[in-house]
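What follows is a single structure, written as structure tokens, with notes after it.
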Amino acid sequence: MPANLPPEAKDKWALVESARNPREKIIRMQEFLSVVPKHKGTMKLCGRIKKKIALLRKEVEEQKQKRTGRSGPKLFIEKEGAAQVALLGLTNVGKSCFLSVVTNANVTISPVAYTTIKPEPGILNVEDMQLQIVE
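What the sequence shown shows, in our numbering, is residues 5 to 139, in sequence order.
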């Protein structure tokens, strides 16, 4: 650090170094930047601090995405054939039965509501085309 920083800035930097998690560190670094005098001697210091803030923000965003990506089954079915058609409707109206009869897909059919929990694909041959039906 340059020797011409005011004592207040040095105190703020001590808070930055004592911060534990990335979010707290970002806040402390922004406070530090607000008290650093802006002149030719502190340009590189400010640039390095801004770069560290950007890296910490990116790290926080990656952690958020990892947390949200963990839960639940995979709801994406890769497209096969000429088109992908989705079967939508109320519960217990025969979507699973229709899918198994038309496409010969191995789908669980039951009179109990919400038997199908994840998307179930099936291939329907129409003339020389293949349509993927997803329930």
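Don't be surprised by glycine CBs; every beta carbon is placed ideally from N, CA and C.
N- and C-terminal bounds of the beta strand (DSSP E) containing residue i
{"i": "I121", "result": "Unbroken run through I121: none, as it is neither H nor E."}
Residue i classed as buried or exposed, judged by whether at least 16 other C-beta atoms fall within 10 angstroms
{"i": "E139", "result": "buried"}
{"i": "A58", "result": "exposed"}
{"i": "S22", "result": "exposed"}
{"i": "E124", "result": "buried"}
{"i": "L94", "result": "exposed"}
Nearest-angstrom Cβ-Cβ length linking residue i and residue j, presumed shorter than 8 Å
{"i": "K16", "j": "R27", "result": "Not a contact, Cβ separation roughly 17 Å."}
{"i": "A90", "j": "L135", "result": "Not confirmed; about 11 Å, so no contact."}
Through-space distance from residue j to residue i, alpha-carbon basis
{"i": "K48", "j": "Q34", "result": "16 Å"}
{"i": "A18", "j": "I81", "result": "51 Å"}
{"i": "Q67", "j": "R61", "result": "10 Å"}
{"i": "T120", "j": "R24", "result": "45 Å"}
{"i": "E12", "j": "K70", "result": "37 Å"}
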